[in-house]
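Numbering (this note's numbering), first residue to last: 16 to 490. Think of the CB as a built atom: it goes at the ideal place given N, C-alpha and C, for glycine as much as any other residue. Scroll down for the structure; my scribbles are underneath it.
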Ligand code: SAH
Ligand code: F3S
C-alpha cells in the first residue's frame, strides 16, 4: 500500500494519478490498421472497464499502440468521484494537444464517469476531444470510432446513455497480464449517499450473471491469473435472478468461485456495511481462499454525519459489525474510507471520526476531504460550508492519526509468518520480490535461486516493517 501522498490517501479501488497505458492487440478475424491506446484513471472498476473496451475494440479488429505517440486513437477512461480527479484529466488533455497538432487525424476520446458527468463541458473546455462515451455505452465504441474516423462529423460525438440492463456479458475481455484478474460482478449503485456522484455516472445497480462471472474466472485461470478481485460499488448487495427466478446472492457467488481449481485467492471490494449478513461472514470465515481482508467504508464516526450523508447505519451498528467480523475471523485485516469536511461537520463530529479510527484501528485508511459534486443531493441542497483550510487541517489530522496506527499495526507483525502471493520485482531493489499478504499488506523479501516468481505463493517470516510495508525472509 502506498503511503499517503499530498492530501489524500490512495483509494484501494484506485490507481489515482498513476497512469495505466493499455495496448490492445487484435486477436480476431477483422484487421484494421488503426492503433488504440487506453489510459485509465480512478477505481479498479475503471481498470476492468478499460479491459472490456480493449476486448470490444480488439474484436472489431483494432490494433495495439505501444504508446500514445504511436496511436491513431487515444481513449482516456476517467473518474469523477472528486473534483481533483477531473482536473487531472483536463490537465492531461492539455498535454495531449501537441499530439493532436502533429496528427490532425488522431481521435481523442473521453470515456467513463467524467464523460457521463461533464459531457458538454468537456466539449467546451477541451475542444480537441472527438468522442465522449459514458460507462454504459462502450458496446457502441466501435461504431462511434468508425463514424469519427470517416470524418463525417467535426463536432464531438457524445454517447452517455445509461442502460439499466448493461452488464457487458459475452465480451472477450482483454486482460492486462498480471497476477490479479479484476472481474466486475456488479455495475451501478442504488445507495445514493448524498455526497456521491457514482449513482449518477454509473446508473442503477445490476448484478452480472453467475454464469458470466464463472466464465471470466475460468478464462482468468487459463491465462495464468492466481487471484480474483471481484468488483462492485456495494459488492455484497450482489443479487442475480435467473429466468426461473432462482436467486444467487454474493455468498453463493463466492461459494461457486472457491471451487475453481487454480485460483489461489479471492478478494472483493467494496462491501457496504448494511449489506453484510451472517451467511457472508460465515462464508468468508470458512474458505481459506477468500482473503481475510475487508475494505469497509465508514465515511464518518459521527451518527449525525452518517445521517446527513444518508449512510444506512449508525456508528454503533458499524462497531457491532466490525466486532462480529473480528469474532468470526480474529486476524482479519481491515481498511476504511473516510470523508472529512462534509457540510455541517462540527468539531465534535470530526472528533467522533478520529475516535472511530483510534478505536477500530484499521490496518489502512483511505482518507479524503469532501469535494462537492454537481447533481448529488448535497450539491443541490446543502452549502459546502466547511472552509477549505479547515478541511485540509482535518484531513492532515486524520492522516496523522491513521499513520500512527499503521506505524504500530505493521511492526506488530514482526515475528509472524505470512503467506505472500508474489507480484513482481520490488521497485526499490530488483534483488527482492514484492507481493501481498492475505491481509493485503505489501511484503518484500530477498530473492533466492529457488524458482519462486510472480504468481508463487510463499511463506515469509516478517523480520522488519515500516508503516506501509513488511520486510521478511522466505522460509
Ligand atoms: N461504493 C464505492 C464508493 C466509491 S467512491 C466503494 O465503496 O468503493 C470511493 C470513496 O470515495 C468513497 O467511499 C468515499 O469515501 C469517497 N468519496 C465519494 N464521493 C466523495 C466526495 N464527493 N468527496 C470526497 N470523497 C468522496
Ligand atoms: Fe457512492 Fe454510496 Fe454508492 S459512496 S458508490 S453512493 S454506496
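- Item | Residue range of the unbroken alpha helix (DSSP H) whose run includes residue 266 | If you number the chain shown from 1, residue 266 lands on position 251. Taken as a continuous stretch (DSSP letters only), the alpha helix (DSSP H) holding residue 266 covers 265-272.
- Query: Just to check, is the beta-carbon of residue 327 closer than 7 Å to a non-hydrogen atom of the ligand F3S?
  - Reply: On the chain shown, position 312 is the one that residue 327 refers to. For the ligand F3S, not one heavy atom lies less than 7 Å from the Cβ of residue 327.
- Message: Let's see if you can read the secondary structure: which residues bound the beta strand (DSSP E) around residue 298?
- Response: Here the question's residue 298 lines up with position 283 in the chain shown. Annotation for residue 298: no beta strand (DSSP E) segment contains it, though the alpha helix (DSSP H) segment containing it runs 293-301.
- Item | Rounded C-alpha distance that separates residue 449 from residue 468 | Position 434 of the chain shown holds residue 449. Position 453 of the chain shown holds residue 468. Cα to Cα, residue 449 sits roughly 10 Å from residue 468.
- residue 453: buried (16+ other C-beta within 10 angstroms of its C-beta) or exposed? Stepping through the chain shown from its first residue, residue 453 is reached at position 438. Answer is buried; the Cβ neighbour count reaches 16.
- Query: Under the rule that 16 or more other beta-carbon atoms within 10 Å means buried, what is residue 29, buried or exposed?
  - Reply: As a first step, residue 29 is located in the chain shown; it is residue number 14 there, counting from the start. Any reading at residue 29 needs caution, since the residue's pLDDT is 39, under 50, leaving its predicted position unreliable; the model's value is listed next. So residue 29 ends up on the buried side.
- Task: Taking only the alpha-carbon atoms, compute the straight-line gap between residue 60 and residue 432 and give it to the nearest angstrom.
- Result: Numbered from 1 along the chain shown, position 45 holds the residue referred to as residue 60. Numbered from 1 along the chain shown, position 417 holds the residue referred to as residue 432. Residue 60 and residue 432 have their C-alpha atoms spaced approximately 32 Å apart.
- Query: Is residue 249 buried or exposed, if buried means 16 or more other CB atoms sit within 10 Å of its CB?
  - Reply: The residue given as residue 249 occupies position 234 in the chain shown. So residue 249 ends up on the buried side.
- Task: Using the Cα positions of residue 43 and residue 88, report the straight-line distance between them to the nearest angstrom.
- Result: The sequence position of residue 43 within the chain shown is 28, counting from 1. The sequence position of residue 88 within the chain shown is 73, counting from 1. With a pLDDT of only 46 at residue 43, under 50, the local geometry of the prediction cannot be trusted, and the value read off the model is given with reservation. Distance between the alpha carbons of residue 43 and residue 88: 19 Å.
- Determine, using beta-carbon pairs with one atom in the region 437-445 and one in the region 389-397, whether at least three such pairs fall under 8 Å. no
- Message: Can you find the residues in the same chain that come closer than 8 Å, C-beta to C-beta, to residue 121, ignoring five residues on each side of it along the sequence?
- Response: Reading the chain shown from its first residue, position 106 is the one you call residue 121. These residues qualify, in order along the chain: 86, 87, 88, 89, 114 and 115.
- Do you know whose CA, among 243, 268, 296 and 161, lies nearest residue 254's CA? Taking the chain shown and counting its residues from 1, one reaches residue 254 at position 239. Considering only alpha carbons, the answer is 268.
- Can the beta-carbon of residue 95 be found less than 8 Å from the beta-carbon of residue 128? Sequence index remark: in the chain shown, residue 95 carries index 80 (1-based). Sequence index remark: in the chain shown, residue 128 carries index 113 (1-based). Cβ atoms of residue 95 and residue 128: closer than 8 Å.
- Item | Cβ-Cβ distance between residue 325 and residue 207 below 8 Å | Position 310 of the chain shown, counted from the first residue, corresponds to residue 325. Position 192 of the chain shown, counted from the first residue, corresponds to residue 207. The beta carbons of residue 325 and residue 207 sit closer together than 8 Å.
- Query: Can you name, in chain order, every residue of its own chain whose Cβ lies under 7 Å from the Cβ of residue 189, other than the five neighbours on each side?
  - Reply: For the purposes of this step, residue 189 is taken as residue 174 along the chain shown, with counting starting at 1. So the list reads 39, 66, 69, 70 and 73, once near-sequence residues are dropped.
- Query: Ends of the alpha helix (DSSP H) at residue 116?
  - Reply: Position 101 of the chain shown holds residue 116. Its alpha helix (DSSP H) spans residues 98-117.
- Message: Residues around the ligand F3S, please: the ones whose beta-carbon is closer than 6 Å to some heavy atom of it, in chain order.
- Response: 204, 206, 207, 208, 211, 213, 214, 248, 249 and 287
- Task: Reducing DSSP to helix, strand and coil, say where residue 158 ends up.
- Result: Along the chain shown, one-based indexing puts residue 158 at 143. DSSP places residue 158 in helix when its eight states are reduced to three.
- Task: For the alpha helix (DSSP H) holding residue 233, just list the boundary residues, first then last.
- Result: If you number the chain shown from 1, residue 233 lands on position 218. From DSSP, the alpha helix (DSSP H) with residue 233 extends over 225-237.
- Query: Hey, out of 413, 395, 480 and 473, whose CA is closest to residue 429's CA?
  - Reply: Within the chain shown, the letter at position 414 stands for residue 429. The candidate whose alpha carbon is nearest that of residue 429 is 480.
- Taking 7 Å as the cut-off, does the CB of residue 56 come closer than this to any heavy atom belonging to the ligand PLP? Because the ligand PLP does not appear in the structure shown, any question about it cannot be addressed here, the ligands present being the ligand SAH and the ligand F3S.
- What residue does the alpha helix (DSSP H) around residue 375 start on, and which one ends it? As a working mapping, residue 375 is identified with position 360 in the chain shown. Residue 375 -> alpha helix (DSSP H) spans 362-375.
- Query: Going by DSSP, what residues sit across from residue 421 in a beta bridge?
  - Reply: Position 406 of the chain shown, counting from 1, holds the residue named residue 421. BP columns for residue 421 are empty, so no partner.
- Over the uninterrupted alpha helix (DSSP H) stretch that includes residue 240, give me the two end residues. Residue mapping note: residue 240 aligns to position 225 of the chain shown, counting from 1. From DSSP, residue 240 is part of no alpha helix (DSSP H); its letter is neither H nor E.
- Identify which residue in 387, 335 and 319 has its Cα closest to the Cα of residue 292. Indexing the chain shown from 1 puts residue 292 at position 277. Residue 335 holds the alpha-carbon nearest to the alpha-carbon of residue 292 among 387, 335 and 319.
- Across which residues does DSSP place residue 221 in a beta bridge pair? Translated into the one-based positions of the chain shown, residue 221 becomes position 206. Partner residues in the beta bridge of residue 221, as assigned by DSSP, are 202.
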